[in-house]
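Undergrad: Before I ask anything, let me first share the structure, which is written out below as structure tokens.
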Ligand SMILES: *[C@@H]1O[C@H](CO)[C@@H](O)[C@H](O)[C@H]1NC(C)=O
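Numbering (UniProt numbering), first residue to last: 1 to 395.
Laid out in structure tokens, this is it:
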């Protein structure tokens, strides 16, 4: 009898402990400031979107996973040193090591102010994807009557500073050769890390307003996106470059992530408000020439913030501009199209109506381009991308 009681007591204790543990883990998960971040392939969780400004068509459950393999700007090992970031924040001007001063000059060999300047964030080692972009959606020249120009935005690869002799000359020589071959490399003297993407943003805005003062529109994005340039130009045809415009995958009321282990962790001391201003996902957005010049000025007044697209949202807020949501910009990844669940990224019918899709490998970009613009033309004849039945390789 007594033994039984003892056993009961033990069991109760054990159950109590288990319950406590369960509640503890649930508490963490239900913390109101953070949301379980979506993981999209090699893309890390983004600040939790509160609510999208426009409902995007629900095309399935889980976002597809992509084989990455190509380098993104590295994050520093260990926790991010906010103290150091805040102390170094005033140093925000770095020299341009490789310039393309004639990119937009009308006296240049290929003449005229571009209608669309494509600016792609890249890192030195990602030659393969730059090559894919150059030969697919980022190709320069006339498209539907519009003059398109391209630049890649780079910083100094991490660990290749002047103190590490040997490696430095190597990548510098390679980039110099690449720049001679394609005239599309912009290289600044800051370290190319994830948290320095904000520096990349302000340096690009300053560069573009200085060297491309009359550009009509600018598309800025990552190297792992696919851009349907034809759709983009169609959209821009109706817009006035002298008016303000910044359109993309707009996130409103995103809450800062207070989870220390997240790549996007922001302590309250750095950003105290409960939500970020509306911003367009940095994977790809388009802006008018007028907005470019105003943003370059506004951003130079805004304190640096380590997440580049949120930072740009802060500059927009300063101008009292709201980014325009465009449902065809999918910078936060796409869900699997329900009509072709086994194919996800490789359904051109699905891509037909989109402008920007994020998270592609160099091979994905090539293949999508071939399928959309290949000798047979678009494989998919139906106007409705998702309803168009499973895509077949031999069709
Ligand atoms: C940004 O670049 C500067 C200059 O190269 C470097 O000193 C700094 O550590 C970098 N900051 C981050 C957060 O990576």
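In this text, a Cβ means the ideal position worked out from N, Cα and C, and glycines have one as well.
Quick caveat, the model's predicted, so the values are computed rather than measured.
Measure the alpha-carbon distance for residue 302 versus residue 143 and round it to whole angstroms.
TA: Each residue's alpha carbon lies about 36 Å from the other.
Undergrad: Of the residues 252, 360, 268, 207, which one's Cα is nearest the Cα of residue 289?
TA: If we check each option's Cα against that of residue 289, 207 comes out closest.
Undergrad: What residues are listed by DSSP as bridge partners for residue 284?
TA: Partner(s): 221.
Undergrad: Could you please give the first and the last residue of the uninterrupted alpha helix (DSSP H) stretch that includes residue 187?
TA: No alpha helix (DSSP H) holds residue 187; the beta strand (DSSP E) holding it covers 185-191.
Undergrad: State the Cα-Cα distance for the pair residue 366 and residue 139, rounded to the nearest angstrom.
TA: About 12 Å.
Undergrad: With DSSP as the reference, please indicate the residues paired to residue 116 in a beta bridge.
TA: Residue 116 is bridged to 148, 217.
Undergrad: What is the rounded straight-line gap between the Cα of residue 28 and the Cα of residue 272?
TA: The pLDDT assigned to residue 28 is 40, lower than 50, so where the model puts this residue is not dependable; a value taken from the coordinates is nonetheless given after this. Straight-line Cα distance between these residues: approximately 20 Å.
Undergrad: Apply the 10 Å Cβ neighbour rule to residue 159 and answer buried if 16 or more other Cβ atoms are within range, or exposed otherwise.
TA: Exposed, because fewer than 16 other Cβ atoms sit within 10 Å of the Cβ of residue 159.
Undergrad: Indicate whether residue 114 and residue 215 have their beta-carbon atoms separated by less than 9 Å.
TA: Contact flag set, yes.
Undergrad: Just checking residue 303 against ligand 1 - is the residue's beta carbon closer than 8 Å to any of the ligand's heavy atoms?
TA: Not so, every heavy atom of ligand 1 lies at least 8 Å from the Cβ.
Undergrad: Is any heavy atom of ligand 1 found at a distance shorter than 8 Å from the C-beta of residue 367?
TA: For ligand 1, not one heavy atom lies less than 8 Å from the Cβ of residue 367.
Undergrad: When you compare only the Cα positions, how much space is there between residue 156 and residue 370?
TA: If you take the alpha carbons of residue 156 and residue 370, they lie about 33 Å apart.
Undergrad: Between which two residues does the alpha helix (DSSP H) harbouring residue 310 extend?
TA: Here the alpha helix (DSSP H) through residue 310 covers 308-318.
Undergrad: Between residue 84 and ligand 1, is there a pair consisting of the residue's CB and a ligand heavy atom that are separated by less than 8 Å?
TA: Result yes, Cβ under 8 Å from ligand 1.
Undergrad: Would DSSP call residue 373 helix, strand or coil?
TA: It is helical.
Undergrad: Assess contact between the stretch 177-184 and the stretch 267-281, defined as three or more Cβ pairs (one per stretch) separated by less than 8 Å. Is contact present?
TA: The stretch 177-184 vs the stretch 267-281: no contact.
Undergrad: Measure the alpha-carbon distance for residue 55 versus residue 247 and round it to whole angstroms.
TA: Any reading at residue 55 must be qualified, since the residue scores a pLDDT of 37, below 50, and its modelled position is unreliable; no value is offered.
Undergrad: Whole-angstrom Cβ separation of residue 154 and residue 116, contact assumed at under 8 Å?
TA: Not really, about 21 Å apart at Cβ, beyond 8 Å.
Undergrad: Classify residue 101: buried if its beta carbon has 16 or more other beta carbons within 10 angstroms, exposed otherwise.
TA: By the 10 Å Cβ count, residue 101 comes out exposed.
Undergrad: Using 10 angstroms around the beta-carbon of residue 137, count the other beta-carbons present and answer buried if the total reaches 16, otherwise exposed.
TA: The residue in question, residue 137, is buried, as its Cβ has 16 or more Cβ neighbours within 10 Å.
Undergrad: Under 9 Å between the Cβ atoms of residue 252 and residue 326?
TA: No, these two residues do not count as a Cβ contact at 9 Å.
Undergrad: Please report how far the alpha carbon of residue 243 lies from the alpha carbon of residue 324, in whole angstroms.
TA: Taking the straight line joining both Cα atoms gives about 13 Å.
Undergrad: Would you mind reading off the limits of the alpha helix (DSSP H) that contains residue 203?
TA: Segment 197-211, the alpha helix (DSSP H) holding residue 203.
Undergrad: Where the beta carbon is closer than 5 Å to any heavy atom of ligand 1, which residues qualify, in chain order?
TA: Every residue passing the under-5 Å Cβ criterion appears here: 190, 191, 193, 195, 196.
Undergrad: Which same chain residues end up closer than 6 Å to residue 310 when comparing Cβ atoms and leaving out the 5 residues on each side of it in sequence?
TA: Correct list, in chain order: 276, 279.
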